[in-house]
Amino acid sequence: MAEVSTQEPTLEKAPAPAAGHAAQGKDRAPEERGSLELKTKALSHLAQHAATEVSGTVRSGNAVRRTLGRDYPRASARMDGAQASIDLDVAVRWPAPVARIAQQTRDLVLRRTQDLSGIDIRRVDVTVHVVSDDDATTTETRRVQ
């Protein structure tokens, strides 16, 4: 029959690195841990996702348009050293308060991409396109409130 231990498990702290050896992981100073390189494609995806959260924007494009990269929202990002700029195309149905939607989209995309990426977003340029009802899916119906 197997013997069962009734002793409480104990946790031991890992020994400190020996003299002359570099600390690893969380024991290292932040400036010594390395860096994270965020690609422009990732910034573009963050911007596109943030744009869908703005009330009044719509997704548009069928499978063919999505495959060709001609659907909305569509974003492209450019890095300039530690700063980035984003060009964003969004769609709305007419009639819509285009100026308000463009401003809200610019503000939200700037905030979200900076918060999630840690990169200084210098500029977000928003171009608003009007689409027909047949080509649009309202993003508001997909949002969780």
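If you count the sequence shown from 1, position 115 lands on 241 in the working numbering, and the numbers rise without skipping.
Where is the CB? At the ideal position from N, CA and C, for every residue including glycine.
Predicted model, so just to flag it, every value in this text is computed and none were measured.
Which residues DSSP lists as bridging residue i, in chain order
i, result
"Q240", "Answer is none; Q240 lacks a bridge partner."
"D206", "Q209"
"R200", "D215"
Same chain, Cβ closer than 8 Å to residue i, five either side skipped, listed in chain order
i, result
"D246", "A208, Q209, A210 and Q240"
"D206", "R248"
"T166", "S202, A203, R204, M205 and A210"
"R196", "G187"
Span of the beta strand (DSSP E), counted from its first residue to its last, around residue i
i, result
"T253", "D246 to V257"
Short Cβ contact (8 Å threshold) for residue i with residue j
i, j, result
"T231", "A177", "yes"
"A203", "A228", "no"
"V257", "A225", "no"
"G187", "A222", "no"
"L214", "V252", "yes"
"R243", "A201", "As written in the sequence, residue 243 is Ser, which differs from the Arg given in the question. No."
"R219", "V254", "no"
Nonlocal neighbours in the same chain, by C-beta distance under 6 Å from residue i, ignoring five residues either side
i, result
"R269", "Here the model assigns R269 a pLDDT of 44, short of 50, so the residue's position is not dependable, and the following value carries that caveat. Cβ within range, chain order: n/a, list empty."
Run of the alpha helix (DSSP H) containing residue i, from where it starts to where it stops
i, result
"T303", "Look at the range of the chain in this structure, 127 to 271, and you will see that residue 303 is not part of it."
7 Å CB neighbourhood of residue i in its chain, flanking five on each side removed
i, result
"R238", "L172 and A176"
"V235", "A173, A176, A177, I212, L214 and V250"
"D233", "none"
"E266", "Note that E266 scores a pLDDT of 45, beneath 50, so its modelled location is shaky; the value from the coordinates is reported in the next line. So the list reads S181, once near-sequence residues are dropped."
"D259", "R219"
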